[in-house]
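Peer 1: I'd like to ask you about the structure that follows.
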Amino acid sequence: MRFPWPSLFHAVWTTSLMACVLIGLILAIRLLLRDRMQPRWTYLLWTLVLLRLVLPWTPESAFSVFNLWTPAHPEASPEPRDTMDRATGQSPAVVFRLSEDSPLAFESPSVQPNRPALQEAPFRSPLVDALSWAWLLGALSAAGIMIGAHLRFVRRLRDEPLISDSRVNSLFRQCQAKMNVRRKVTLTETGLVSSPALTGLFRPRLLMPPDVLRILDDRELQFVFLHELSHLRRRDLFMNAAMHALLALHWFNPLVWYAYRRMREDQELACDALTLTSLRPADSHAYGMTILKLLAALSGQSRFMHAAGIAGSRQAYRRRMILIRTHRPNTYKRTLLGLSVLLLVGGCGLTNAKENAVWGSGKGNVPSDVAQVAVSDGSTQEELASEKGVKLYASRSEEGEVTGIALRTGEIAKTFAWPNLIDQGYKPSLYVADVDGDEREEIVVILKTTNSQGIYHREEIHVLNREDLTEAAIADPVGAVDRFVTTTIALQDGQVEVRANWDDSRIKKTYAESYSMAWNSFSVGFGNIVNYTVTGNVIRAGVSGSLGSFANGTTSYDFHPLTAIATYGPNLQVKNVELLNDGGWTET
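Numbered per full-length UniProt numbering, the sequence shown finishes at 588, counting up by one with no gaps.
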């Protein structure tokens, strides 16, 4: 069974791999600078991992660490020039292949669409679909386990009594004032945890085991309260919840789980540092002994999923004791070091590799200010447009002539022999939008294909699946206008009337017979000028109507009195056509 959201699986897989690089970088910095950086800056580095896992797209940068891995892009294999000449000479401006049962299908019998692909997109193997389904099943299972455990814990916690001891409550309020925490925090006595822990994103609760209340004196309780309020002040619970959601998405990546464990250790160190700033230097030793006493009394799991507690893990105990013993006040130099490292790692790890202006031979990066580069077959490729990670290129021969239009999205590249006028200085338009109503974005390319001093101007539109660059059929706007709109030209009372009817609307325009001459033998033909726009997720085509004796191949020598706007709906079919009043038209 084909996976319906391959782009989602690709995004998760890509961000997970990129996060591995960032995690490795943070672990190296953590090892090298742990005695020099303040704990809060070390902890803040882990927020970069969270952002890397959340953001499917980040800005490109020449400083990105991912520039070290240049993907090998497929070479475009241009079609022979004579084939392009035939395509350009034979293809009309707008020709679309539609199914015969389409209500607005139109295709000229004398001209066949010419859209050969010069290179096919990579085949999507069944293995990729199987892995995608396995990832989705694992993500749903992991999320279900986490949510179920949380709901069971919350349900059991409802029956736990509040702490009514006035001494403990008074001491806690003093600690709140000392930490400048104004939020209401409920003190709950419970045996569901074996160490003090803070829980509740929006209604925080401090959970205190009965044994802890019994073995700690007032001074030690103050240390516990200050530490837990540090978690609240630093909003650590939100960070923990966000990381658990990402762990469900990236359940397959053991390095993400390892990073989460290291993040929780650094979280406790950062809270220790914040707590020590509110204590006297002489209290540092007693604070460390309080943590040691809690670890000695610790049994089983000390915290549940989203909780943050003072005891932490036994593995991080040694680091915490060293920090407490060597704690020093914040200094300008240490703050500057932490900020510099955070900005440097963010700039290197949160940005994507700088895309080459062109791709082809895969012989290394091209400076961003270079517009063209030669590929192995002697041709060049020039970037024409970029939108939401999709790039549009022109393939040129050694003589500089355009031999094809190439698209790239992610690791998929494909080249098309679409007619175009790029050599005349025209740049195509590129859009990425959900234009067919399937809740997935498509790639839309608009090319000018014909131009004759503004009189005969046509554009061609191509809609492609973003996942594999296959092209979708789209209704011909000229055929749709011919179906919707009827026109007549008649001589009446010494004047020539041009009438147009569509739906229930009728308009007319009157000309003097002496001015219009033989117009009464002419007719209105649509399609000399065709242009497209994409607004939001809607495609619209402007189709001009001109006067002429089209049976004899003669076009209008005057102007284009009519302009029809064709609006596309789902399935890329024209759903309605309207005529614009360009002036001088009256309703009848």
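Note that beta-carbon positions come from the ideal geometry of N, C-alpha and C, so glycine has one too.
#1: Let me know the secondary structure DSSP gives residue 331 once reduced to three states.
#2: Express the C-alpha separation of residue 395 and residue 435 in angstroms, rounding to a whole number.
#3: So, at 8 Å on beta carbons, what are the nonlocal neighbours of residue 575 in its own chain, with the 5 sequence-adjacent residues on each side left out?
#4: I'd like the ranges of any beta strand (DSSP E) spanning at least 3 consecutive residues and lying wholly in the segment 36–70.
#5: Start and end of the alpha helix (DSSP H) containing residue 478?
#6: Ignoring anything shorter than 3 residues or poking outside the segment 386–431, list the beta strand (DSSP E) runs there in chain order.
#7: With DSSP run on the structure shown, which of helix, strand or coil describes residue 278?
#8: On the CB-based measure, 16 or more other CB atoms within 10 Å of its CB, does residue 577 come out buried or exposed?
#9: Counting pairs of beta carbons, one from the segment 267–275 and one from the segment 213–229, are three or more of them closer than 8 Å?
#10: Checking 8 Å against the spacing of the C-beta atoms, do residue 387 and residue 431 come in under that value?
#11: Over what stretch of residues does the alpha helix (DSSP H) that includes residue 291 continue unbroken?
#12: Less than 8 Å between the beta carbons of residue 210 and residue 191, yes or no?
#13: Would residue 45 and residue 26 be called neighbours here (beta carbons separated by less than 8 Å)?
#14: If the criterion is Cβ atoms closer than 8 Å, does the pair residue 65 and residue 349 meet it?
#15: Does residue 563 come out as helix, strand or coil in the three-state DSSP assignment?
#16: Can you find a CB in chain B that lies within less than 8 Å of the CB of residue 333?
#17: Quick check on the burial criterion: 16 or more other C-beta atoms within 10 angstroms. Buried or exposed for residue 418?
#18: On the three-state DSSP scale, how would you describe residue 163?
#19: Excluding the 5 residues flanking residue 472 on each side, which residues of the same chain have their C-beta closer than 8 Å to its C-beta?
#20: Go to residue 499, then tell me how far its beta strand (DSSP E) extends in each direction, as first and last residue.
#21: Please classify residue 202 as buried or exposed, where buried requires at least 16 neighbouring CB atoms within 10 angstroms.
#22: With distances taken Cα to Cα, identify the nearest neighbour of residue 260 among 19, 14 and 489.
#23: Going by other Cβ atoms of all chains shown within 10 Å of its Cβ, with 16 needed for buried, is residue 580 buried or exposed?
#24: In the DSSP assignment, what are the bridge partners of residue 128?
#25: What whole-angstrom Cβ distance do residue 591 and residue 251 have, given they're in contact under 8 Å?
#26: Determine the direct distance from the alpha carbon of residue 384 to that of residue 371, and round the result to whole angstroms.
#27: Using a Cβ-Cβ cut-off of 6 Å (strictly less than) and excluding sequence neighbours within five positions of residue 290, which residues of its own chain qualify?
#28: Measuring CB atoms only, is the segment 331–349 touching the segment 34–42, in the sense that at least three cross pairs come out at less than 8 Å?
#29: In terms of residues, what are the limits of the beta strand (DSSP E) holding residue 574?
#30: For the beta strand (DSSP E) that residue 207 lies in, which residues bound it at each end?
#31: What three-state label does DSSP hand residue 181 in the structure shown?
#32: Write down the C-beta distance between residue 537 and residue 459 rounded to the nearest angstrom, noting that I regard them as a contact closer than 8 Å.
Peer 2: In short, the structure shows the following:
#1: For the purposes of this step, residue 331 is taken as the residue at position 331 of the sequence shown. Coil at residue 331, not helix or strand.
#2: To locate residue 435, count along the sequence shown from 1; it is residue 435. To locate residue 395, count along the sequence shown from 1; it is residue 395. When rounded, the distance between both Cα atoms is 27 Å.
#3: As a first step, residue 575 must be located in the sequence shown, where it is residue number 575. Contacts found: 567, 568 and 569.
#4: none
#5: Your numbering for residue 478 matches position 478 in the sequence shown. Start and end: 477–484.
#6: Listed in chain order, they are 390–396, 402–409 and 412–416.
#7: Position 278 of the sequence shown, counting from 1, holds the residue named residue 278. Of the three classes helix, strand and coil, the one that applies to residue 278 here is coil, per DSSP.
#8: For the purposes of this step, residue 577 is identified with residue 577 of the sequence shown, where counting begins at 1. So residue 577 ends up on the buried side.
#9: yes
#10: Stepping through the sequence shown from its first residue, residue 387 is reached at position 387. Stepping through the sequence shown from its first residue, residue 431 is reached at position 431. A contact, by the Cβ cut-off of 8 Å.
#11: Indexing the sequence shown from 1 puts residue 291 at position 291. Residue 291 -> alpha helix (DSSP H) spans 284–297.
#12: Position 210 of the sequence shown, counted from the first residue, corresponds to residue 210. Position 191 of the sequence shown, counted from the first residue, corresponds to residue 191. Yes, they are a contact pair.
#13: Here residue 45 is taken as the residue at index 45 of the sequence shown, counted from 1. Here residue 26 is taken as the residue at index 26 of the sequence shown, counted from 1. Going by C-beta atoms, residue 45 is nearer than 8 Å to residue 26.
#14: Numbered from its first residue, the sequence shown carries residue 65 at position 65. Numbered from its first residue, the sequence shown carries residue 349 at position 349. Yes, they are a contact pair.
#15: As a first step, residue 563 is located in the sequence shown; it is residue number 563 there, counting from the start. Strand.
#16: Absence of chain B from the displayed structure is noted, only one protein chain being present.
#17: Mapped onto the sequence shown, residue 418 falls at position 418. With 16 or more neighbouring CB atoms inside 10 Å of its own CB, residue 418 falls in the buried class.
#18: Within the sequence shown, the letter at position 163 stands for residue 163. Coil at residue 163, not helix or strand.
#19: Position 472 of the sequence shown holds residue 472. If you ignore the 5 residues before and after residue 472, its C-beta comes within less than 8 Å of the C-beta of 436, 442, 463, 464, 465 and 572, all in its own chain and listed in chain order.
#20: Counting from 1 along the sequence shown, the entry for residue 499 is found at position 499. Annotation for residue 499: the continuous beta strand (DSSP E) segment containing it runs 495–502.
#21: To locate residue 202, count along the sequence shown from 1; it is residue 202. When all chains shown are included, residue 202 counts as exposed.
#22: As a first step, residue 260 is located in the sequence shown; it is residue number 260 there, counting from the start. Out of 19, 14 and 489, 19 has the C-alpha closest to the C-alpha of residue 260.
#23: In the sequence shown, counting from the first residue as 1, residue 580 sits at position 580. Under this definition residue 580 is an exposed residue.
#24: Position 128 of the sequence shown holds residue 128. Listed as beta-bridge partners of residue 128 by DSSP are no residues whatsoever.
#25: The displayed coordinates of the chain run from 1 to 588. Any statement about residue 591 would go beyond what the structure contains.
#26: Here residue 371 corresponds to residue number 371 of the sequence shown, with the count starting at 1. Here residue 384 corresponds to residue number 384 of the sequence shown, with the count starting at 1. At residue 371 the pLDDT is 39, less than 50, meaning the model places this residue with poor confidence and gives no usable figure here.
#27: The count along the sequence shown starts at 1 and reaches residue 290 at position 290. Excluding sequence neighbours, residue 290 sits near 220 and 223.
#28: yes
#29: Working through the sequence shown from its first residue, we reach residue 574 at position 574. Note, residue 574: beta strand (DSSP E), 574–580.
#30: If you number the sequence shown from 1, residue 207 lands on position 207. Run containing residue 207: 205–208, per the beta strand (DSSP E) assignment.
#31: As a position in the sequence shown, residue 181 is number 181, starting the count at 1. DSSP places residue 181 in coil when its eight states are reduced to three.
#32: By 1-based counting over the sequence shown, the position of residue 537 is 537. By 1-based counting over the sequence shown, the position of residue 459 is 459. Not quite, the Cβ-Cβ distance comes to about 19 Å (not below 8 Å), so this is no contact.
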